[in-house]
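> The structure's right below; bear with me while I get my questions together.
Residue numbers (the working numbering), protein chains in the order written: chain A, 3 to 142; chain B, 1011 to 1320.
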């Protein structure tokens, strides 16, 4: 029987090693019935984009606590584009310690949501599901 | 949006994005995925398929990474299909095999695809064979299939792989476990992984005496490895290459390929028949039968007879 699964990549770019938040989100999305590819810590933007390419994910969630998001996140988008993956066809979101002032520029760069500390996993699940529901079906 | 035919053309021209899109269609078993497989199957059959199986925690992912690196050092390209379990409760999955193979991500000649079991049996997903076909048609020299943690009876991988590697670890059971039927019997190569642990030599000796007692004309080699320390990997690769040479030089391969084709056809046909039966009984008759069996008013055999019209 044909089956459509939401495939999600959860990755941590940069050098901070605190992946508890990323793991909580990965687990919550799994419990919501999604297939979550977890790549672990210390990923370069190229590694993240490459994993997204090979796994053909629908959703990419990045977690960062180091403060290097303004440097690393746009590089992830660039690395995705280099692999023919446009931010319009995947859902990009991020979480971690990200100042309010950075949110708008990141949205301009292609991130559809930034989840700060204290966000409920329910909100993230709902956000992903809502996106999947209104996403136009791919022709192929 | 490209058509399936265009995607297949791009895959055959070496485009990895097209390969990846097609893997999704194949994995989801969509009509487009089936059409793609019709076009790709005639282009496949060249890659050497290696099945890697063993219990959970035996070090399969780490070993896969080590095998992949050694394969690349020998100049061969590689596809990896890494399978992790689907939750029986949420139908979701955490696919974590990339963690142990991070460094391989930057090698464009390695293509790693994670799959969830999605109800598949024997440590594989229902569409694993199709995914292997696509990676084969893409031109990978070898395709490594790493099963979910498998116990004693998960032998499906042997029907798909040219070479089946069974991974064991010291201290995971006595030699009687190893004598039992099932997973031990499908091994073309036995690996004692985590060989830096105590009792690795003991396990290797126990396996050796079992292998000696086997009536098979080919002695199953036993290789000691420590995947995390990158030890014994070249010896394992040598054995994999020797097994490949063995099957290509003998009638074994023809026989094996016929058995594999038969297995694939019957597996898919079985699923089609079940899907059709379920579709024919959407009016509640299936539920009614199930209910009577659950109440012990009807036995399961009679219910199946009624379902299939026998």
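Even for Gly, the Cβ is constructed at its ideal location relative to N, Cα and C. Quantities reported herein were computed from a predicted structural model and do not represent experimental measurements.
Residue 1152(B) lies in the alpha helix (DSSP H); which residues open and close that run?
Counting along the chain, residue 1152(B) falls outside any alpha helix (DSSP H), though it belongs to the beta strand (DSSP E) covering 1152-1156.
> In chain order, what residues of the same chain lie with their CB nearer than 8 Å to the CB of residue 1262(B), ignoring the 5 residues before and after it?
Closer than 8 Å at the Cβ level, and outside the excluded window around residue 1262(B), lie 1256.
> Bridge partners for residue 1124(B) per DSSP, in chain order?
Bridge partners of residue 1124(B): 1092(B).
> Less than 8 Å between the C-beta atoms of residue 1063(B) and residue 1153(B), yes or no?
No, Cβ-Cβ distance for residue 1063(B) and residue 1153(B) is not below 8 Å.
> Helix, strand or coil for residue 1237(B), going by three-state DSSP, please let me know.
If DSSP states are grouped into helix, strand and coil, residue 1237(B) belongs with the helices.
> Where does residue 138(A) land, buried or exposed, given buried means 16+ other C-beta within 10 angstroms?
Residue 138(A) is exposed by the Cβ-count criterion.
> Determine the chain B residues that contact residue 36(A) at a beta-carbon separation under 7 Å, and present them in chain order.
Ordered by position in chain B, the residues that pass the 7 Å Cβ test against residue 36(A) are 1102.
> How many whole angstroms separate the CB atoms of residue 1200(B) and residue 1232(B), which I take to be in contact at a CB cut-off of 8 Å?
Sure, about 5 Å apart at Cβ, within 8 Å.
> How should residue 1211(B) be labelled, buried or exposed, when 16 other C-beta atoms within 10 angstroms of its C-beta is the threshold for buried?
Residue 1211(B) should be labelled exposed.
> For residue 1290(B), which three-state DSSP category applies?
Helix.
> Let me make sure I understand the geometry here. Which of 1112(B), 1019(B) and 1219(B) has the alpha-carbon closest to that of residue 39(A)?
The candidate whose alpha carbon is nearest that of residue 39(A) is 1112(B).
> What are the boundary residues of the beta strand (DSSP E) that includes residue 40(A)?
From DSSP, the beta strand (DSSP E) with residue 40(A) extends over 37-40.
> In this structure, does DSSP put residue 1064(B) in helix, strand or coil?
The answer is strand: DSSP assigns residue 1064(B) an E or B state.
> For residue 6(A), is the classification buried or exposed, using 16 other Cβ atoms within 10 angstroms of its Cβ as the cut-off for buried?
Flag for residue 6(A) reads exposed.
> Excluding the 5 residues preceding and the 5 following residue 1131(B) in the sequence, name in chain order all residues of the same chain whose CB lies nearer than 7 Å to its CB.
Correct list, in chain order: 1166.
> How big is the Cα-Cα spacing for residue 1266(B) and residue 87(A)?
Cα to Cα, residue 1266(B) sits roughly 40 Å from residue 87(A).
> Considering just the uninterrupted stretch of the alpha helix (DSSP H) at residue 1148(B), what are its terminal residues?
Looking at the DSSP string, the run of the alpha helix (DSSP H) that includes residue 1148(B) is 1138-1148.
> I think residue 1123(B) touches residue 1091(B), with their Cβ atoms under 8 Å apart; what is that distance to the nearest whole Å?
Between residue 1091(B) and residue 1123(B) the Cβ distance is about 6 Å, and since that is below 8 Å, they are a contact.
> Can you tell me where the alpha helix (DSSP H) with residue 1259(B) in it begins and where it stops?
It spans 1243-1259 - the alpha helix (DSSP H) in which residue 1259(B) sits, taken as one unbroken run.
> Please work out which residues of its chain come closer than 6 Å, Cβ to Cβ, to residue 1042(B), disregarding the five sequence neighbours upstream and downstream, and give them in chain order.
Within the same chain, residue 1042(B) has close Cβ partners 1014 and 1035.
> Over what stretch of residues does the alpha helix (DSSP H) that includes residue 1081(B) continue unbroken?
It spans 1070-1083 - the alpha helix (DSSP H) in which residue 1081(B) sits, taken as one unbroken run.
> So, using beta-carbon positions, are residue 1238(B) and residue 1072(B) closer together than 8 Å?
Yes.
> Would you say residue 1175(B) and residue 1127(B) are within 8 Å of each other, going by their C-beta atoms?
No, these two residues do not count as a Cβ contact at 8 Å.
> So is residue 4(A) in contact with chain B if we call contact Cβ pairs under 8 Å?
The predicted model places residue 4(A) with a pLDDT of 41, which falls under 50 and marks its position as unreliable, so this point remains unresolved.
> Taking C-alpha atoms, which residue in 1151(B), 1052(B) and 1115(B) lies nearest to residue 1140(B)?
Answer by Cα proximity: 1052(B).
> Assess contact between the region 27-46 of chain A and the region 1134-1148 of chain B, defined as three or more Cβ pairs (one per stretch) separated by less than 8 Å. Is contact present?
The answer is no - the region 1134-1148 of chain B does not touch the region 27-46 of chain A, with fewer than three Cβ pairs under 8 Å.
> Please report whether the beta-carbon of residue 84(A) lies at a distance below 8 Å from any beta-carbon of chain B.
Taking Cβ atoms only, chain B never reaches closer than 8 Å to residue 84(A), which makes this a no.
> Give me the residue from 1318(B), 1197(B) and 1105(B) with the minimum Cα distance to residue 1299(B).
Closest option to residue 1299(B), Cα to Cα, is 1318(B).
> Closer than 6 Å by C-beta to residue 1070(B): which residues in its own chain qualify, once you throw out the five before and the five after it? Chain order, please.
If we look at residue 1070(B) and ignore the five residues flanking it on each side, its Cβ neighbours are 1062, 1064, 1156 and 1177.
> Could you check where the beta strand (DSSP E) with residue 1199(B) kicks off and where it finishes?
Here the beta strand (DSSP E) through residue 1199(B) covers 1199-1202.
> I'd like to know whether the C-beta of residue 1252(B) is nearer than 8 Å to at least one C-beta of chain A.
Taking Cβ atoms only, chain A never reaches closer than 8 Å to residue 1252(B), which makes this a no.
> To the nearest angstrom, how far is the alpha carbon of residue 1215(B) from that of residue 1085(B)?
Rounded to the nearest angstrom, the two C-alpha atoms are 33 Å apart.
> Can you give the Cα-Cα distance for residue 1297(B) and residue 1099(B), rounded to whole angstroms?
Distance between the alpha carbons of residue 1297(B) and residue 1099(B) is about 21 Å.
> Using the C-alpha atoms, what's the distance from residue 1288(B) back to residue 4(A)?
Here residue 4(A) scores only 41 on pLDDT, less than 50, and its place in the model should not be relied on; the value that follows carries that caveat. Each residue's alpha carbon lies about 14 Å from the other.
> Within 8 Å, do at least three Cβ pairs link the region 52-63 of chain A to the region 102-110 of chain A?
Because the criterion of three Cβ pairs below 8 Å is not met, the region 102-110 of chain A and the region 52-63 of chain A do not touch.
> Below 8 Å, how does it come out for the region 15-32 of chain A and the region 1018-1038 of chain B: are there three or more Cβ pairs, yes or no?
Touching, no, given that fewer than three Cβ pairs across the two stretches are closer than 8 Å.
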